[in-house]
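J.:
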Amino acid sequence: MSEITRSKAANKRAERARKKTAPLGDDIDLSAYSQEAVEHPYEEDPSRLQPQDKERILEAGVVLDDPSQRSGTFLQIDHSVVHSKAGQEGLEVMSTVKALEEYPWLEDYWWRAVASNADKFTAQAELHQNHGYFIRALPGVKAIQPIQACLYIAQHGLAQNVHNIVIAEEGSELHIITGCATAQVIEREGLHIGISEFYVKKGAKLTFTMIHNWAPKMAVRPRSGIIVEEGGTFLNNYISLKPVRTLQMYPTAQCVGENALVRFNSVLVAAPGTTLDVGARAILGARGTRAEVISRAITTGGTIIARGHLVGKVAPVKGHLECRGLILSEEGRIHAIPELEGLVEGVDLSHEAAVGKIAEEEIEYLMARGLSRDQAIAAIVRGFLSVDIGGLPPQLEAELQRAVELSEKELL
Amino acid sequence: MLEVKDLNVEVEGKEIIRDISFDVDIGETLVLFGPNASGKTTLLMAIMGFPRYRVTKGKIIFKGRDITYLPVDERARMGIGILFQRPPVVRGVKTKEVVKACLGDREDGHVIDQMAQRLNMVELLDREVNYGFSGGEVKRSELLQLMAQGPEFVLLDEPDSGVDLVNISLVGEMINELLQEGRMRSRTNSGLIITHTGHILDYVNADRACVLLNGGIWCRGNPREILASIKSHGYEGCAVCQR
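These protein sequences, in sequence, are chains R and U.
Heads up, the final residue of the first sequence is numbered 411 in numbering that gives the first Met the number 0, and it's a clean run with no missing numbers.
Heads up, the final residue of the second sequence is numbered 242 in numbering that gives the first Met the number 0, and it's a clean run with no missing numbers.
#1: Taking C-alpha atoms, which residue in P158(U), D24(U), C218(U) and G220(U) lies nearest to D201(U)?
#2: Put M0(U) into one of helix, strand or coil per three-state DSSP.
#3: Is the Cβ-Cβ distance between S189(U) and T28(U) less than 8 Å?
#4: What would DSSP say about D26(R), mapped onto helix, strand or coil?
#5: Can you find a C-beta in chain U that's less than 8 Å from the C-beta of M93(R)?
#6: Return the chain-ordered list of same chain residues with a C-beta closer than 7 Å to the C-beta of P138(R), the five sequence neighbours on each side being excluded.
#7: Check whether the stretch 127–145 of chain R and the stretch 229–246 of chain R touch, using three or more Cβ-Cβ pairs below 8 Å as the test.
#8: Please compile the residues from chain R whose C-beta is within a distance smaller than 7 Å of the C-beta of I248(U).
#9: For A358(R), which residues from the same chain have a beta carbon less than 7 Å from its beta carbon, with the 5 sequence-adjacent residues on both sides left out?
#10: Going by C-alpha distance, which of S37(U), Q84(U), N7(U) and V10(U) is nearest N213(U)?
#11: So which of Y198(R), S328(R), A377(R) and S67(R) has the shortest CA-CA distance to T251(R)?
#12: Are any of the Cβ atoms in chain R nearer than 8 Å to that of F49(U)?
#13: Within a Cβ cutoff of 6 Å, which residues of the same chain sit near G233(U), ignoring the five residues on either side of it in sequence?
#14: Based on the DSSP output, what are the partners of V37(R) in its beta bridges?
#15: Let's see if you can read the secondary structure: which residues bound the beta strand (DSSP E) around G307(R)?
#16: Taking the straight line between their C-alpha atoms, what separation do you get for S94(R) and C179(R)?
#17: Between T55(U) and N7(U), is the Cβ-Cβ spacing less than 8 Å?
#18: Is R55(R) near A148(R), with beta carbons less than 8 Å apart?
#19: In this structure, how does DSSP classify S140(U) when only helix, strand and coil are distinguished?
#20: Is there a Cβ of chain R sitting closer than 8 Å to that of A100(U), yes or no?
#21: Could you give the DSSP three-state label for H130(R): helix, strand or coil?
#22: Hey, how far is the Cα of I282(R) from the Cα of Q75(R)?
#23: Do the stretch 7–26 of chain R and the stretch 58–75 of chain R touch if we need at least three Cβ pairs shorter than 8 Å?
#24: Report the neighbours of A296(R) on chain U: residues whose CB is nearer than 7 Å to its CB, in chain order.
#25: With a threshold of 16 other CB atoms inside 10 Å of the CB of L124(U), please say whether the residue is buried or exposed.
#26: Report yes or no: do three or more beta-carbon pairs, one from the stretch 218–225 of chain U and one from the stretch 72–81 of chain U, lie closer than 8 Å?
#27: Per DSSP, which residues does N235(R) bridge with? Please list them.
#28: State yes or no: is the beta carbon of E106(U) nearer than 8 Å to at least one beta carbon in chain R?
#29: Would you mind telling me which residues of chain R sit closer than 7 Å to R76(U), beta carbon to beta carbon, in chain order?
#30: Just how far apart, CA to CA, sit D44(R) and H82(R)?
#31: Using a Cβ-Cβ cutoff of less than 7 Å, which residues in the same chain neighbour M47(U) once the five nearest sequence positions on both sides are dropped?
#32: Tell me which residue opens and which closes the beta strand (DSSP E) that K11(R) is part of.
#33: In chain order, what residues of the stretch 80–93 of chain U put their CB closer than 9 Å to some CB of chain R?
#34: Check the Cβ of A358(R) against every Cβ in chain U and list those closer than 8 Å, keeping chain order.
#35: Strictly below 7 Å CB to CB, what residues from chain R border V97(U)?
#36: T187(U): buried (16+ other C-beta within 10 angstroms of its C-beta) or exposed?
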C-alpha cells in the first residue's frame, strides 16, 4: 500500500487547504508532478542497490554497504519502502504507514507538531501520503550508532509526499542522519514534500542531521515541527550544498518543558539557478529554555534567504540567532532575516548577522604565509562551511566533514 | 639580502614613505625606531607586498631579484615572513591549518605539536585564527606561523607591543631562533624589527638601527645608543641631530 487516506479531522482540514498557497517560497503547480510511481521491490540487503544509486545516497550521508555503522536503516525509493530495519534493541524503524497500523496511539502524534492545513504541501502530504519513516527510541534507550534514513527519488516528474515521525521517549538518546537525494540524472525533475514531526520527551536527546543532495530541477518543500519537553535536547543540523531549483522550509521548535534546549545549524550553498529559503524558528515557552540558530550561507550565483525567528514567551529564556553569508559571485544574493520577539520582561534574545564577500585582508594575510590566492580562498571557504557542531558522535562529524569536502571541490 | 632604493610608498593616494634607502645584509638584524604614524608599518607592508601599500617610486631588491611588483605569496615563498602587529581574524580557519600550510612538506605529524608546545599554545591550535586571542596569544600565534614558515628574512612589526613580562622573554627567545641568533658562523637569516618602546632589545641582539621620522630615515647607528638617545631627547632629538 503506497497511499493511504484517513478520514479524520486533520484530513478534512487538509482537504480544504488543497489550494492554499504557502506564505513563503515560490508557488509550485502540484499538478505538474505525477502521483503515480513504479513500485520498487523490498531489498533485504540494501548493499545490493545499483552502485550509482548507492553513490548518490552515500553523498547524502547514508551508508548502505556496512550495516555495522548504523543502528538502523530506512530507505524509501519513490513511493516504495525498499528497506527498513532497526539494529538495536529498544529502537524502532519502520514506515509510518505500518506504524499507524501497529500503534493506534500514533494518531495522537499525527499532525500535532505541524498543521495539516498549513499550506497545499502539507495538504498534499495528508491526502496523498507515500510512507515516510517512523523512528522511535524507547524510554531510556541510547542508540549506539546513528540511525539513517534515506528518501530517494528515481522517477522523473514524480511528487514524493512523505510523512515522518520521530519519537525520542523519556531519557532516550537518538542520532538520526537523513539523506535526501535524487538519481544521478541532471535533467530529472521532481517534487519532494516531507512532513517531519519530532517529539523529544522529558530528558531525551535527539540529534537530527539532514543532508540534502538534490538535483538542479528539483522542488523541495519540507515541513517540520518539533516539540521538546522538560530537559529535552533537540540538535538539528542541516546541510544543503548541491544545486536544487527551489527549496523552502521553516522548521518550528516548541520548547514546552522547562530547560529544554534546541539548536539549529545549517550550512547552505546556492549555485546559479538555486533558491534556498531556509529558516528555523524556536518558541521558548517554558522557563529556562534555550535556543540557538546558526546558519552559514554561501552563494556562487544563487539566492539564499536565511531566516530565523526566536519567540520568548516566558522568562527567563535565552536565544541567539547567527547568520553569516559569503557572496562568491557577482550574481548571488543572500538575504538574512532575523527576527526576535520578546513577549515578556526578562527574556534574553540576541542576533548577529554578516553578509559580504571574503575580506581581502584575510586572503592577503594567508598569502603572506605562502598560500596562493586560490589556496587562501579555499581555506577560508572550507573553514566557513565546517560549522563546529557540538554533541555529534565523532563518526557523524567525520561524515559531515566529508560531505563538505566533496562539495567544496565542486565549489572552487 | 634586502635592498630598498629611493622608495616612495602611498596608502590610499597619500604618500607615507619618501625616498627611503637602506639595506640589510645576510645574517644582519636592523631595528627601525620611530614615533607613531611615522611610516614604520607602511614600510614593512610595502616590503611584504600588500597591494594597499603602493610603491610609486624606487625598488625593493631581495636576494638580488627585483621584487617591487611581486605578489605577496611569491615574496613569502622566496623567504620573506612577517609578524603582524594587528593581524586580522580569519573566522572558520583553525590556527593549526595555517601552521600546517606554512610547514608544507616539512609537516611529519609531530612538528606542529612540538612547536606549539614550545610556544605554550597547544590549546590555541584548534581555535580560529586570532579569534578572541589576547595580545600575548596573537604574538605567540604569529611566531608559531613564522617558525613553521621558516623565512630567511623576517619583518617584525612591534613584536613587544601588548606582551606582558612573562611572555616577552618567550617572544624574544623565539625571535632569536628565527634570526638564528647564537649560531656563530653560519647565520644566514636576517630581520627588520619595528619597535616603539625598544623592550625587545633586552632580549634580541640587533646589529644596526635607524629612525624613521615623517616618512624618511633620519639617523643610523648602534641600536642601544640610538635607543638611549631617544629615551633622553625624544624623537625630536633625532631630527635636530641630523641637521
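By construction, the Cβ of each residue, glycine as well, lies at the ideal position given by its N, Cα and C atoms.
This structure is a prediction, so every number in the text was calculated from the model and none was measured.
T.: Let me lay it out:
#1: Looking at the Cα atoms, P158(U) is the closest of the given residues.
#2: coil
#3: yes
#4: DSSP places D26(R) in the coil class of the three-state scheme, outside both helix and strand.
#5: no
#6: E168, E169, G170 and S171
#7: no
#8: Because residue 248(U) is not part of the residues shown, which for chain U are 0 to 242, the question remains open.
#9: If we look at A358(R) and ignore the five residues flanking it on each side, it has no Cβ neighbours.
#10: S37(U)
#11: Y198(R)
#12: yes
#13: none
#14: Per DSSP, none; premise fails for V37(R).
#15: Secondary structure note for G307(R): its beta strand (DSSP E) is the uninterrupted segment T302 to G311.
#16: 16 Å
#17: Note that the C-beta distance between T55(U) and N7(U) is below 8 Å.
#18: no
#19: Looking at S140(U) - three-state DSSP - the assignment turns out to be helix.
#20: yes
#21: It is coil, neither helix nor strand.
#22: 32 Å
#23: When Cβ pairs closer than 8 Å are counted between the two stretches, the stretch 7–26 of chain R is seen not to touch the stretch 58–75 of chain R, the count staying below three.
#24: Here the premise fails: no neighbours, minimum Cβ distance about 13 Å.
#25: buried
#26: With a cut-off of 8 Å, the stretch 72–81 of chain U and the stretch 218–225 of chain U do not count as touching, because too few Cβ pairs lie within range.
#27: F207(R) and F263(R)
#28: Answer no: the Cβ-Cβ gap between E106(U) and chain R never drops below 8 Å.
#29: By Cβ distance, chain R contributes G369.
#30: 8 Å
#31: V71, R74, I79, I81 and L154
#32: Run containing K11(R): none in the beta strand (DSSP E); it sits in the alpha helix (DSSP H), A8 to R15.
#33: G80, I81, F83, P86, P87, V88, V89, R90, G91, V92 and K93
#34: P87
#35: Per Cβ cutoff of 7 Å: L365 and R368.
#36: exposed
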